[in-house]
Amino acid sequence: MEHIIVSNMMDYFDTHNILCPQQHGFRPKHSCETQLICFTQEIADSLDQGQQTDVIVMDFSKAFDKVDHHKLVHKLKHMGVNSHITSWIKDFLHNRSQQVLVENKVSQSTRVCFLVSHRARS
Numbered sequence: 000m001e002h003i004i005v006s007n008m009m010d011y012f013d014t015h016n017i018l019c020p021q022q023h024g025f026r027p028k029h030s031c032e033t034q035l036i037c038f039t040q041e042i043a044d045s046l047d048q049g050q051q052t053d054v055i056v057m058d059f060s061k062a063f064d065k066v067d068h069h070k071l072v073h074k075l076k077h078m079g080v081n082s083h084i085t086s087w088i089k090d091f092l093h094n095r096s097q098q099v100l101v102e103n104k105v106s107q108s109t110r111v112c113f114l115v116s117h118r119a120r121s
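Straight run, no breaks: the sequence shown in numbering that gives the first Met the number 0 ends on number 121.
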């Protein structure tokens with residue numbers, strides 16, 4: 000079911016040009032490698048034109064683990080994603096738990112939490 004939802008949402012995003020061209024992660028024919036190739040080309044073009052290039056590198060480790068589920072659903076609604084789909088995603092994310100399986104040993108089940116902004120609490 001998750002695959003069907005993601006496929007349909009990606010089709011919707013592509014059809015309506017919602018994702019910017021620089022978004023390479025989690026897209027067909029777009030990867031870390033294609034992002035690096037584009038970045039390298041942009042630097043080479045700037046050097047060829049005698050322009051200065053400044054680069055800021057940021058580490059967003061664990062970024063996907065810290066997505067506020069309420070904000071995610073709100074943003075999907077704002078992008079025009081069908082209300083039935085956003086309701087399914089909201090229900091899918093609610094009260095989630097996870098386990099890890101390594102060498103046939105299963106960890107204890109742990110609740111998947113999300114960050115709640117100060118606004119969401121008030």
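We put the beta carbon where it would ideally sit given N, CA and C, even for glycine. As the structure is a computational prediction, the values presented were derived from the model and not from experiment.
Using the beta-carbon count (16 or more within 10 Å), is residue i buried or exposed?
| i | result |
| --- | --- |
| V80 | buried |
| I3 | exposed |
| A119 | Bear in mind that the predicted position of A119 carries a pLDDT of just 45, short of 50, making it too unreliable to give a figure here. |
Spatial neighbours of residue i within its chain, please: CB distance less than 6 Å, with the 5 preceding and 5 following residues excluded, ordered by chain position.
| i | result |
| --- | --- |
| L18 | F12 |
Figure out for me which residue from the options has the closest Cα to the Cα of residue i.
| i | options | result |
| --- | --- | --- |
| K89 | K104, S106, L100, H73 | H73 |
| H15 | M78, W87, L46, I84 | M78 |
| Q21 | P27, L100, N7, C37 | C37 |
| V5 | N94, L100, T85, V56 | T85 |
| N94 | D10, Q40, H68, D47 | H68 |
Might you give, ordered along the chain, the residues of its own chain that have their beta carbon closer than 8 Å to the beta carbon of residue i, omitting 5 neighbours on each side?
| i | result |
| --- | --- |
| S96 | S108, T109, R110, V111 |
| T33 | H23 |
| H117 | Below a pLDDT of 50, predicted positions are generally treated as unreliable, and H117, at 44, falls in that range; no measurement from the model is reported. |
For residue i, does the three-state DSSP call read helix, strand or coil?
| i | result |
| --- | --- |
| H29 | strand |
| S96 | strand |
| V5 | helix |
| L52 | Strictly speaking, residue 52 in this sequence is Thr, with Leu absent from that position. T52 falls in the coil class under three-state DSSP. |
| R118 | Because R118 carries a pLDDT of 48, less than 50, the predicted location of this residue cannot be relied on, and the following value inherits that uncertainty. Note: R118 maps to helix in three-state DSSP. |
For residue i, which residues from the same chain have a beta carbon less than 7 Å from its beta carbon, with the 5 sequence-adjacent residues on both sides left out?
| i | result |
| --- | --- |
| I42 | T52 |
Handout entry: Residue ranges of each alpha helix (DSSP H) within the segment 68-94, 4 or longer
Key = Counting whole runs of 4 or more residues, the segment 68-94 contains the alpha helix (DSSP H) stretches 68-77, 82-92.
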